[in-house]
Amino acid sequence: MAVALSSCTSLSSVLFSTVKFRYSLRHRPIVASFHCNNHPLRVSSSSSSSSSKSNRKKEGAGHKKQSKDERPARGNVLESQPTSSKPFGIQRKNKDLIFDSKDQQVEQSILQDSAFLNAVVKVYCTHTAPDYSLPWQKQRQYTSTGSAFMIGDRKLLTNAHCVEHDTQVKVKKRGDDSKYVAKVLARGVDCDIALLSVESEEFWSDVEPLRLGRLPHLQDSVTVVGYPLGGDTISVTKGVVSRIEVTSYAHGSSDLLGIQIDAAINPGNSGGPAFNDQGECIGVAFQVLRSEEAENIGYVIPTTVVSHFLTDYERNGRYTGFPCLGVLIQKLENPALRAWLKVQSNEGVLVRRVEPTSDANNVLKEGDVIVSFDDVRVGSEGTVPFRSNERIAFHFLISQKFAGDTAELGIIRAGTLMKTKVVLNSRVHLVPYHIDGGLPSYLIIAGLVFTPLSEPLIEEECEDSIGLKLLARARYSLAKFKGEQIVILSQVLANEVNIGYEDMGNQQASHFHM
């Protein structure tokens, strides 16, 4: 649940891998030690030089526990140093300090009495992830905790990574000592949202669902509520809205609208709501940015993305995902490039590549310049107007659509302005970031194990063992048709029938003859 940031104005098809974190908490006198296993995500961007120097990582805020048999994961060890105790007499002399402390206590008591806190629950999930290297079996199960909240119609919202590969999901209300079994109704991997339901009548007694509020403005106050590590009871942190823009979603490897806040988001806060001053939910906490050069950067999924997820589920009875245009785009800031493309104004983005599986492949060509999307002008930096005196990445307009919707594009082709319509559909990944159904497919013939190449498999096997040629194909090739896969010979199970082939592994299979 961590990712390196890329430029939000870049409209390239950037690929990110799923990152899992497991935390083990070992109690010691005064000093607490947290161990996390960080896997940086790969970013393909023209401005990667600056991002690589900063060594930035985004992490999801789910709190996962290791099984007893597992060794502590390697990685950075963050230790909180014991604070020195000060004599009470020093605090008594500082009247201003005592006055501020009383104000904070009054504000905290008011917040604790708020009814909307009762709608926030703690999530207990048991995960059993597939073993992609040995696809016929699963890995050892582990447990995690996160947060969720009630939204009405006896439904709960949480993060998709909180219930990924779930075997059992249970929830517990604030002030209750009973856990209730929950069912996962829908999972939005790309937007990192999951919809849960609880059948127990007792669970829904004496509680009110949260109200979804509007998209906040910069410097608006925000309160994050959840059940992070460090304790078992509900936790409340406060901050302000720092930024609103299209950001990278670490779990879904997608780019959607996100809210950046400075309120503390820690492992276990994932799936918890963020409130405004009116007690309305403005989003879902889901990831943080870890960097030596930055502090207090957390991210919230805004209610516009949440509403899109819920509407998609209600329309189709299942979640179908956010659509894409299916093109790789380059900015048109260079005047010489605009002159060569016969673009007279300082606007538009260049179509560098068109995905063969998209509807855009039927209407767009390489070298076309997109100057408008549904009559909204696209700037040369790949941005469009957003609210008052703001601009946002062009991808934001696409994310407002649903799969199957039609968009009208204004394009310049060979100096001629024309209008065309494109049907937006979900992206077809040649190498998927997540396996539909949760389990990878495989075929074993004479001890030769064949399986489709996927990002989780690359993560398990490590990039070095996959090989540069196969890795480059996985990163930069596009699917020519829906359902196309890169099938590899994963390994050879030694037997007398395959003598001489035992050392083969992680090689692409181009043909298969029976």
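full-length UniProt numbering puts the first residue of the sequence shown at 1, with every later residue one more than the last.
Don't be surprised by glycine CBs; every beta carbon is placed ideally from N, CA and C.
query: F286 versus S372 - alpha carbon distance; result: 32 Å
query: Three-state secondary structure (DSSP) of L256; result: strand
query: The region 379-396 in contact with the region 305-312 per 3-pair CB rule at 8 Å; result: no
query: Secondary structure, alpha helix (DSSP H): runs of 4+ residues fully inside the region 229-277; result: none
query: R192 versus R174, T167, E245, D255, residue with shortest Cα-Cα distance; result: Checking the sequence, you will find Asp at residue 192 rather than Arg. D192 has its Cα closest to that of D255, out of R174, T167, E245, D255.
query: Neighbour-count burial assignment, Q219, 16 or more Cβ in a 10 Å radius; result: exposed
query: Straight-line Cα distance separating N362 from C162; result: 39 Å
query: Selection from A119, Q139, P135 that minimises the alpha carbon distance to T128; result: Q139
query: Residue range of the alpha helix (DSSP H) that includes F309; result: 303-316
query: Inter-residue Cα distance where the pair is K183 and I499; result: 48 Å
query: Residue environment, E496, which counts as buried when at least 16 other CB atoms sit within 10 Å; result: exposed
query: Complete runs of the beta strand (DSSP E) confined to the UniProt domain "Protease Do-like PDZ" (431-512) [at least 3 residues]; result: 443-445, 448-452, 487-492
query: Option nearest V300 by Cα separation, candidates F275, P440, G467; result: F275
query: Spatial neighbours of K421 in its chain, beta-carbon cut-off 6 Å, leaving aside the 5 residues before and after; result: T406, E408
query: Proximity to I488 [Cα-Cα], best of L478, E461, A494; result: E461
query: Sufficient close CB pairs (3 or more, under 8 Å) joining the region 204-217 to the region 335-347; result: no
query: Start-to-end residues for the beta strand (DSSP E) that takes in L156; result: 155-158
query: V431 to G213 span [Cα, whole Å]; result: 37 Å
query: Contact check, I458 vs R473, beta carbons under 8 Å; result: no
query: Option in H251, G252, I282, S253 with minimal Cα separation from I261; result: I282
query: Short Cβ contact (8 Å threshold) for residue 518 with V369; result: Since the displayed the chain opens at 1 and closes at 514, residue 518 lies outside it and no answer follows.
query: Validate contact between the region 159-179 and the region 244-255 using beta carbons, cut 8 Å, 3 pairs; result: yes
query: Residue range of the unbroken alpha helix (DSSP H) whose run includes S380; result: Note, S380: premise wrong, no alpha helix (DSSP H); not H, not E.
query: Cβ-based neighbour list, P456, same chain, cut-off 6 Å, excluding 5 preceding and 5 following; result: Y132
query: Outcome for R22 when other beta-carbon atoms lying within 10 angstroms are tallied against a minimum of 16; result: With a pLDDT of 40 at R22, under the threshold of 50, the modelled position of this residue cannot be trusted; read the value that follows with caution. Buried, by the Cβ-count rule.
query: With 16 other Cβ atoms within 10 Å as the buried cut-off, status of F322; result: buried
query: Span separating the alpha-carbon of P216 from that of V241; result: 8 Å
query: Coil, strand or helix - P385 by DSSP; result: strand
query: Three-way DSSP call (helix, strand, coil) for E202 in this model; result: helix
query: Same chain only: Cβ atoms within 7 Å of A148, ignoring 5 sequence neighbours per side; result: V121, V123, L156, L157, T158, V171, L196, G271
query: DSSP three-state assignment for I151, whether helix, strand or coil; result: strand
query: DSSP state of A403 mapped onto helix, strand, coil; result: coil
query: Cut-off 6 Å between Cβ atoms - residues of its own chain near G326, not counting five sequence neighbours on either side; result: E355, S358, A360
query: Burial state of D153 (16 or more Cβ within 10 Å); result: exposed
query: Run of the beta strand (DSSP E) containing L350, from where it starts to where it stops; result: 349-354
query: Residue 515 in three-state terms, based on DSSP; result: Nothing can be reported for residue 515: it is not among the residues displayed for the chain, which extend from 1 to 514.
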